[in-house]
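2 protein chains.
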Amino acid sequence: MTQKLIFTNLVGEALDTLVADLGNPQVFVLADSNTAECVMPALVEQSKAAAGARKIVIKAGEIHKDLDNVQAVWNALHEAGATRGAVIINVGGGVVTDLGGFAAATFKRGMRVINVPTTLLGAVDASVGGKTGINFNGYKNEIGTFTEPEASIISTGFFVTLPQQQLLSGYAEMLKHALLENRDELSKLLNYSVVYPMFNPDTLLPLIESTVHTKARIVDADFRETGIRKALNLGHTAGHAFESLAMKRQSPIAHGFAVAQGLVISLVLSHLKLGFPSDVLHTFAAYVRTNYNAFSFTCDDYPELLAYMAADKKNTQPGAVAFTLLADVGDVRVDQQLTDDEIRSALDIYRDLMGI
Amino acid sequence: MTQKLIFTNLVGEALDTLVADLGNPQVFVLADSNTAECVMPALVEQSKAAAGARKIVIKAGEIHKDLDNVQAVWNALHEAGATRGAVIINVGGGVVTDLGGFAAATFKRGMRVINVPTTLLGAVDASVGGKTGINFNGYKNEIGTFTEPEASIISTGFFVTLPQQQLLSGYAEMLKHALLENRDELSKLLNYSVVYPMFNPDTLLPLIESTVHTKARIVDADFRETGIRKALNLGHTAGHAFESLAMKRQSPIAHGFAVAQGLVISLVLSHLKLGFPSDVLHTFAAYVRTNYNAFSFTCDDYPELLAYMAADKKNTQPGAVAFTLLADVGDVRVDQQLTDDEIRSALDIYRDLMGI
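One line per chain: the protein sequences are A and B, in this order.
Numbering follows the numbering used here, with no gaps: position 155 of the first sequence is 155.
Numbering follows the numbering used here, with no gaps: position 13 of the second sequence is 13.
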């Protein structure tokens with residue numbers, strides 16, 4: 001990885017230092033209409049670079065993560081005479097950092113980027129890995145590049161105004177990273193809670209730092225996602241299936257909530273197939289049940305859940321569902337092919353563990 | 001450079017070997033409507049991979065090197081269920097390889113690409129360097145990436161049907177590369193002519209091979225064009241000014257014809273500023289005069305030519321015009337700041353040398 005990761009709640013100071021290190025180039029700040037209103041005034045007060053920058057504001061929401069909005073950014077850059085040496089600071093959640101990253105990666109064949117994530121999911125997930133992208137014709141991240149920013153400034157001060165559900169959703173990705181790391185990391189996270197009264201920005205920041213380094217280590221080993229990067233798919237095959245089922249029931253659930261349930265399924269399968277330790281499985285399932293509740297379904301839903309898993313875009317062999325599993329905490333096995341019967345057993349055990 | 005450069009007139013055979021080496025993935029062929037008609041039938045006959053590929057045909061011409069055409073390619077890839085592992089073969093001139101390269105670099109964050117240039121300019125210039133791009137809002141290559149193809153297959157068989165003017169235009173870039181290399185290379189090119197009766201595909205191919213390697217060497221040293229890659233700008237500052245003046249006179253000249261004249265200007269300036277050898281300058285100017293004629297202008301045109309040079313996008317210091325010059329053949333000096341008086345003198349000497 002060549003990008004700098006800076007963990008601090010003195011965001012303005014960090015930003016000004018970074019911009020100075022880049023030779024004080026022309027600076028742009030990209031935000032969506034929500035962040036422009038709620039976050040930018042404070043940032044402008046803390047940072048000379050942000051105060052002096054030209055602002056580009058795009059429409060908020062996943063639905064606007066599209067080519068129209070990218071063209072709006074390209075036009076704004078062009079009209080301001082942006083050169084290849086300019087830097088764009090993306091301030092926002094995943095939509096802004098993904099879209100802003102794509103616009104910057106392609107404007108004059110690549111401007112420089114600093115990301116300032118303002119959501120927990122953005123901080124732990126989108127900040128590392130160099131994935132930029134937009135949706136195209138209704139398909140998520142169909143168009144994009146692998147382009148790392150110069151730096152990401154990861155902070156927790158913005159999170160105090162986030163809804164509890166959003167914090168929990170981001171925390172599920174942290175749990176995933178800890179499962180990929182080791183038992184110490186996992187214990188730290190399972191002994192913490194990202195909701196009040198335990199949550200505060202200063203205690204959360206070091207936990208984010210460890211899990212981001214786990215992700216950075218995995219991404220470094222496989223930038224273009226041909227092998228071990230699939231580790232980061234842990235919990236997502238079943239998670240996406242739960243998300244799709246919830247969507248069909250017209251009561252959608254947040255991505256992280258689905259991932260938390262998916263992680264339980266993946267640990268059950270890991271136990272069945274690879275002897276993943278039963279005590280860790282039980283502790284983990286109890287944590288998810290307490291903090292995220294269970295996702296409710298019956299055996300009548302099994303065929304549909306299996307169909308969603310079979311359609312997962314990460315599958316490589318027709319007719320088999322490929323999972324990322326663990327032989328132990330931190331001991332990752334990608335491309336584990338599972339039969340429908342094995343998955344049915346795991347769904348049975350999940351319902352048992354979660355009391356549904 | 002990681003891309004393979006294959007110099008051969010057995011294009012079909014080379015293509016099939018490459019596709020097999022890539023693990024026989026899903027194959028797409030991209031061509032514009034002209035090439036689809038004139039080149040594809042022969043290619044399909046010679047290559048199993050091309051014959052079995054899905055064809056994507058875009059509108060021909062620089063005016064269609066735009067986002068609409070990129071979206072057409074993305075849609076075609078999407079509808080055919082293209083994965084990140086698929087390969088797209090761009091068959092055509094610079095418009096097709098630039099646009100197809102950009103579409104591929106951004107579809108699912110990057111498919112694999114094989115370029116098959118069908119013009120001399122494409123073979124010597126666009127095939128190496130990893131520049132992909134499209135025009136945006138009337139600005140050339142405003143949007144794009146630096147992304148290398150897996151391989152380029154460089155051949156000369158397609159050129160037998162090209163107009164003589166196009167061949168000469170491409171040959172000007174070869175002359176530039178030879179000036180950046182050494183006297184031997186330059187002699188070889190000055191003793192050759194890319195028009196009949198001397199031109200034939202088999203004698204041209206090895207000459208292309210040397211000059212492409214010169215470009216590859218320079219690009220390798222500076223992929224993102226921050227320093228020595230500016231060597232490739234030799235002749236282009238004055239060349240672009242001639243192009244602009246010709247456009248304004250409503251009698252446009254081909255890019256390579258303008259570059260040939262620009263190379264003479266840059267050698268005159270190199271002689272004045274850096275003692276570039278006078279005998280080489282005279283031999284080179286005579287070759288350009290014989291093969292490309294002179295570009296006609298008077299001292300009344302000087303202010304306009306100077307203004308065009310000052311507006312060149314490669315300038316970094318306001319108020320000064322930066323040229324790439326040579327102290328000798330192969331001895332490159334980038335970022336040479338020149339005064340208006342020096343440029344006026346060079347324009348005087350050019351007119352003298354070229355007999356206008």
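By construction, the Cβ of each residue, glycine as well, lies at the ideal position given by its N, Cα and C atoms.
What you are looking at is a predicted structure, and each value in this text was computed from that prediction instead of being measured.
With the cut-off set at 7 angstroms, would you say residue i and residue j are in Cβ contact?
i	j	result
residue 174 of chain A	residue 124 of chain A	yes
residue 357 of chain A	residue 182 of chain A	A question about residue 357 of chain A goes unanswered here, because the residues of chain A that appear run from 1 up to 356.
residue 106 of chain A	residue 143 of chain B	yes
residue 332 of chain B	residue 231 of chain B	yes
residue 131 of chain B	residue 95 of chain B	no
residue 60 of chain B	residue 98 of chain B	no
residue 220 of chain A	residue 228 of chain A	no
residue 165 of chain A	residue 254 of chain A	yes
residue 140 of chain B	residue 234 of chain B	no
residue 311 of chain A	residue 321 of chain A	no
residue 193 of chain B	residue 256 of chain B	no
residue 25 of chain B	residue 101 of chain B	no
residue 306 of chain B	residue 340 of chain B	yes
residue 120 of chain B	residue 167 of chain B	yes
residue 238 of chain A	residue 262 of chain A	yes
Can you tell me whether DSSP reads residue i as helix, strand or coil?
i	result
residue 110 of chain B	coil
residue 82 of chain B	coil
residue 216 of chain A	helix
residue 160 of chain B	helix
residue 152 of chain A	strand
residue 9 of chain B	coil
residue 117 of chain B	strand
residue 176 of chain B	helix
residue 350 of chain A	helix
residue 183 of chain A	helix
residue 90 of chain B	strand
residue 26 of chain B	coil
residue 328 of chain B	strand
residue 65 of chain A	coil
residue 199 of chain A	coil
residue 208 of chain A	helix
residue 71 of chain B	helix
residue 268 of chain A	helix
residue 53 of chain A	coil
residue 146 of chain A	strand
residue 192 of chain A	coil
residue 312 of chain B	coil
residue 378 of chain A	For chain A, the structure presents residues 1 to 356; residue 378 of chain A sits outside this window and is missing.
So, at 8 angstroms on beta carbons, what are the nonlocal neighbours of residue i in its own chain, with the 5 sequence-adjacent residues on each side left out?
i	result
residue 308 of chain A	240, 241, 244, 245
residue 367 of chain B	Because chain B spans 1 through 356 in this model, residue 367 of chain B falls outside it and cannot be assessed.
residue 151 of chain A	3, 4, 5, 6, 18, 114, 115
Grab me the residues of residue i's own chain with a C-beta within less than 7 angstroms of its C-beta, minus the 5 sequence neighbours each way, in chain order.
i	result
residue 350 of chain B	264, 265, 268
residue 118 of chain B	35, 39, 91, 92, 93, 158
residue 44 of chain B	50, 51
residue 344 of chain B	302
residue 187 of chain A	none
residue 74 of chain B	103, 107
Below 8 angstroms on the Cβ atoms is my contact criterion, and I expect residue i with residue j to pass it. Report the Cβ-Cβ distance as a whole number of Å.
i	j	result
residue 114 of chain A	residue 153 of chain A	7 angstroms
residue 274 of chain A	residue 179 of chain A	The pair is not a contact, with the Cβ atoms about 13 angstroms apart (cut-off 8 angstroms).
residue 294 of chain B	residue 354 of chain B	4 angstroms
residue 104 of chain B	residue 70 of chain B	Residue 104 of chain B to residue 70 of chain B, Cβ: 10 angstroms. No contact.
residue 134 of chain A	residue 204 of chain A	Contact doesn't hold; Cβ gap of about 30 angstroms is too wide.
residue 146 of chain B	residue 109 of chain A	5 angstroms
residue 328 of chain B	residue 252 of chain B	Actually they do not touch by this definition, with Cβ atoms about 34 angstroms apart.
residue 282 of chain A	residue 259 of chain A	About 19 angstroms separates the two Cβ atoms, so there is no contact after all.
residue 272 of chain A	residue 346 of chain A	7 angstroms
Just to confirm my understanding: we take residue i, look at its own chain, exclude 5 residues before and 5 after, and list those with CB closer than 6 angstroms. What are they?
i	result
residue 12 of chain B	46, 47
residue 287 of chain A	190
residue 335 of chain B	322
Since residue i meets chain C, which of its residues come closer than 9 angstroms, beta carbon to beta carbon?
i	result
residue 75 of chain B	Absence of chain C from the displayed structure is noted, the protein chains being A and B.
Open item on the list: Please identify, using Cβ separations under 7 angstroms, the residues of the stretch 96-117 of chain B that lie next to chain A, in order along the chain.
Closed with: Within the stretch 96-117 of chain B, the residues whose Cβ lies closer than 7 angstroms to some Cβ of chain A are 105, 106, 107, 108, 109, 110, listed in chain order.
Open item on the list: Please identify, using Cβ separations under 7 angstroms, the residues of the stretch 270-301 of chain A that lie next to chain B, in order along the chain.
Closed with: none
Task: Contact list for the stretch 218-240 of chain B against chain A, Cβ threshold 7 angstroms - done: none
TODO: Taking a Cβ distance cut-off of 9 angstroms, strictly less, list which residues of the stretch 137-150 of chain A are near chain B, in chain order.
DONE: 137, 139, 141, 142, 143, 144, 145, 146, 147
Open item on the list: Which residues of the stretch 163-189 of chain B have a Cβ closer than 7 angstroms to any Cβ of chain A? Give them in chain order.
Closed with: none
TODO: Note down, in chain order, all residues in the stretch 122-133 of chain B with a beta-carbon under 7 angstroms from any beta-carbon belonging to chain A.
DONE: 131, 133
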